[in-house]
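Q: Below you'll find the structure I mean.
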Amino acid sequence: MSTGTVRRGRDRKAEILLPAPGRDRFSPGDAPSVAVVGGGIAGLAAATGLAERGARVILYEREESLGGRLAGHRTRLADGSEVTMSRGFHAFFRQYYNLRGLLRRTDPALARLTPLPDYPLRHSGGLTDSFARVPRTPPFSALGFVALSPAFGWRDLLALDARAALPLLDVRVPEVYARFDRVSAAGFLRSVRFPEAAHHLAFEVFSRSFFADPRELSAAELMLMFHIYFLGSAEGLLFDVPDEPFPQALWEPLGAYLRRLGTDVRTGTAVHGVRPAGPGGAEVRTGTGTDRHDAVVLALDTGGLRQVVAGSPGLGTGAWRDDIAALRTAPPFLVSRLWLDRPVRADRPGFLGTSGYGGLDNISVLERYEGEAAGWAGKNAGSVVELHAYAVPDGAEPERVQHELLEQLGRVYPETRAARVVDARHEWRSDCPLFLVGTHHRRPTVTTPHPWLALAGDGVRCDLPVALMERAATTGFLAANALLARWGVGGQVLWTVPRAGRSPVLRALGALVGRPAHR
5 MSTGTVRRGR DRKAEILLPA PGRDRFSPGD APSVAVVGGG IAGLAAATGL AERGARVILY
65 EREESLGGRL AGHRTRLADG SEVTMSRGFH AFFRQYYNLR GLLRRTDPAL ARLTPLPDYP
125 LRHSGGLTDS FARVPRTPPF SALGFVALSP AFGWRDLLAL DARAALPLLD VRVPEVYARF
185 DRVSAAGFLR SVRFPEAAHH LAFEVFSRSF FADPRELSAA ELMLMFHIYF LGSAEGLLFD
245 VPDEPFPQAL WEPLGAYLRR LGTDVRTGTA VHGVRPAGPG GAEVRTGTGT DRHDAVVLAL
305 DTGGLRQVVA GSPGLGTGAW RDDIAALRTA PPFLVSRLWL DRPVRADRPG FLGTSGYGGL
365 DNISVLERYE GEAAGWAGKN AGSVVELHAY AVPDGAEPER VQHELLEQLG RVYPETRAAR
425 VVDARHEWRS DCPLFLVGTH HRRPTVTTPH PWLALAGDGV RCDLPVALME RAATTGFLAA
485 NALLARWGVG GQVLWTVPRA GRSPVLRALG ALVGRPAHR
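The numbering of the sequence shown is the numbering used here, which starts it at 5 and goes up by one.
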């Protein structure tokens, strides 16, 4: 069984978060029953934190497989090959301490993750930025990037509005939300005089990760991303990816681990409502019946959380329910995976961010890192290529968007124009949280009006410098910790990147700037 610790990352300034003190685990006679609703990263983290300490966990997942937005399913191609289709490329950054700690439950050395050497970004104007040789430790990371970037040079650095940019050097969580949540990401970059040629660096690396238009995205979220990945962490923008499809590499082993701990994993089981029951606990209603539990974790995406709360009239307070109902989902996104009858050039990277190529946001060449794709590519002398389009405009015609991505692929990698598409799969989804300007104060937190109910997920408010998959894993563990503390049981030790700027001098400079008035 896990010791409940998470290994320290490379960054010597990474911070530790200790849980409330308590006994090591429940005794067999006093183990509570806990429902974890949602089998994505957040739910798996919550279930792990609880089951490792002896709680009787039932994990409910609507889909037939675990993984949430990183799930996958088997499909048969036109050539008869059986392959795994998922919802696309995800980067497992080195500062995802808690997510990586979760994965270590079944892979202690993280041997099933393989590093990609770079995070290149290509603009249609011909500029390409690379992070491979940029130093990881701030402020050398910023200085090194300026020295190496063709899109952001020393003249651009001198042209910045230094006073407006100073807060980037001292991002403090949660204070950054009080100061910048009512400013848009685009508005903040305009105020800083961020060079137009380098806007893709901010939008493609950071804003677009939220599947949002930067004119609508909170500047606080953009600044948090700069802090997590660049100015506040010594881990840099280096990342790993699974060496096999998500189910085989990650979730099937973790599901088996939870079952060995006694977890009842119920895939294909949607929860329709949660009703408070008696002095504590709740009844969880599914399509097949109702189960009584001592505590509940709702680890759902934004739409799922809204739906369950709407179907649970006695849950929470009026204000809390209104805040849940006000949550919004980001615009649709598309993942197109193409099996081509000829290979892309050998020097093409495993991942490439793109800007200025219509709706195309990035390209992955899967055989560069995934075993299943490499097997198909080798057998067929071809390539498996994946294309992403984030924040697709409402009303866009799906087939036209899919065709446009294929055309843009030919612009970026001309050798693909002559390739025949053996088969294709297109995943259209709209289930990511949207962090609109000025909405942070209304986002639900891990704790709720009920002491027996906790929330988890990448859309849940968390006053730590975490985002995306790491926010999901961290809030999952925090939800488990909150429930365990009620019963006097110690929880999971967590790690995070520094919660404030790294340099006392830079922090002092950043503090000179007050609340902005621009939008």
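Glycine is no exception: its CB is placed at the ideal position from the N, C-alpha and C atoms.
1. Go ahead and label I20 buried or exposed: buried means 16 or more other beta carbons lie within 10 angstroms of its beta carbon, across all protein chains shown.
2. What is the DSSP secondary structure of G13, counted as helix, strand or coil?
3. Confirm, please, whether the CB-CB distance from R506 to P142 is below 8 Å.
4. Taking the Cβ atom as the reference point for each residue, do V41 and A303 lie within a distance shorter than 8 Å?
5. Scan the segment 278-348 and note each continuous alpha helix (DSSP H) run of 4 residues or more that stays entirely inside, going in chain order.
6. Looking at C-alpha atoms only, which residue of P455, T478 and S134 is the closest neighbour of G47?
7. Please determine, among A190, G84 and V278, the residue with the shortest C-alpha to C-alpha distance to P317.
8. Can you find the residues in the same chain that come closer than 7 Å, C-beta to C-beta, to R219, ignoring five residues on each side of it along the sequence?
9. I need the boundaries of the alpha helix (DSSP H) containing R415, first residue and last residue.
10. Using DSSP's beta-bridge definition, name the partner residues of L125.
11. Looking at the structure shown, is P520 part of a helix, part of a strand, or coil, going by DSSP?
12. Where in the segment 33-111 do unbroken runs of the alpha helix (DSSP H), each at least 4 residues long, occur, reported from the N-terminal end onward?
13. Express the C-alpha separation of V245 and M89 in angstroms, rounding to a whole number.
14. How is the beta strand (DSSP E) around R429 delimited, first residue to last?
15. Below 8 Å on the Cβ atoms is my contact criterion, and I expect E86 with R78 to pass it. Report the Cβ-Cβ distance as a whole number of Å.
16. Quick check on the DSSP output: the alpha helix (DSSP H) that includes A253 runs from which residue to which?
17. Can you say whether P119 is buried or exposed, counting buried as having 16 or more other CB atoms within 10 angstroms of its CB?
18. Between the beta-carbon of A18 and the beta-carbon of W499, is there less than 8 Å?
19. Run through DSSP, which three-state label would A178 get?
20. To the nearest whole angstrom, what separates the beta carbons of A476 and D462, a pair I think is in contact under 8 Å?
21. Since G480 and R186 should fall inside the 8 Å C-beta cutoff, what is the C-beta to C-beta distance between them, to a whole number of angstroms?
22. Determine the extent of the beta strand (DSSP E) in which E390 is found, giving its start and end residues.
23. Strictly by DSSP, which residues pair up with V493?
24. Please list, in chain order, all residues of the same chain as T451 whose beta carbon is under 7 Å from its beta carbon, the five residues on each side excluded.
25. Using DSSP bridges, identify the partner residues of F243.
26. Mark L556 as exposed unless 16 or more other C-beta atoms lie within 10 angstroms of its C-beta, in which case mark it buried.
27. In the DSSP output, what is R263 paired with across the bridge?
28. Here's the rule I'm using: 16 or more other beta-carbon atoms within 10 Å means buried, otherwise exposed. How should R80 be labelled?
29. Mind checking S368: buried by the 16 CB within 10 Å criterion, or exposed?
30. For the alpha helix (DSSP H) that S222 lies in, which residues bound it at each end?
31. Compare the C-alpha of V301 against each of G33, G26 and G44 and name the closest.
32. Spatial neighbours of A530 within its chain, please: CB distance less than 8 Å, with the 5 preceding and 5 following residues excluded, ordered by chain position.
33. Since V269 contacts G259 with CB under 8 Å, what's their CB separation in whole angstroms?
34. If you draw a straight line from the C-alpha of G399 to the C-alpha of G92, how long is it?
35. With distances taken Cα to Cα, identify the nearest neighbour of D327 among P335, T306, W255 and D345.
36. Using only alpha-carbon positions, find the residue among R332, Q412 and R66 that is nearest to R310.
A: With the given structure in hand:
1. exposed
2. Per-residue confidence for G13 stands at a pLDDT of 49, beneath the threshold of 50, marking its modelled position as unreliable; the derived number appears in the next sentence. It is coil, neither helix nor strand.
3. yes
4. yes
5. The alpha helix (DSSP H) runs lying completely inside the segment 278-348 and spanning 4 residues or more are 306-314 and 322-329, given in chain order.
6. T478
7. V278
8. S188 and A190
9. Start and end: P402 to V416.
10. DSSP output for L125 lists D133 and G357 as bridge partner(s).
11. Here P520 scores only 45 on pLDDT, less than 50, and its place in the model is too uncertain to base an answer on.
12. 45-55 and 101-107
13. 16 Å
14. V425 to R433
15. 6 Å
16. It is not in any alpha helix (DSSP H) - A253 carries neither H nor E in the DSSP assignment.
17. P119 is classed as exposed because its beta carbon has fewer than 16 other beta carbons within 10 Å across all chains shown.
18. yes
19. What sits at residue 178 in the sequence shown is Pro, not Ala. Correct three-state label for P178: coil.
20. About 4 Å; that satisfies the 8 Å criterion.
21. With 8 Å as the limit, G480 and R186 do not qualify as a contact, their Cβ atoms being about 29 Å apart.
22. From DSSP, the beta strand (DSSP E) with E390 extends over S387 to A393.
23. R27
24. A458 and A486
25. Answer is F97 and L120.
26. In this structure the chain extends from 5 to 523, so residue 556 is not present and cannot be described.
27. BP columns for R263 are empty, so no partner.
28. Its Cβ having fewer than 16 others within 10 Å, R80 is exposed.
29. buried
30. Premise fails: S222 is in no alpha helix (DSSP H) and is neither H nor E.
31. When each option's Cα is compared against that of V301, the closest is G44.
32. Missing from the structure shown is residue 530; the chain here goes from 5 to 523 and no further.
33. Approximately 6 Å separates the beta-carbon atoms of V269 and G259; this is inside 8 Å, confirming the contact.
34. 22 Å
35. T306
36. Nearest of R332, Q412 and R66 to R310, Cα basis: R332.
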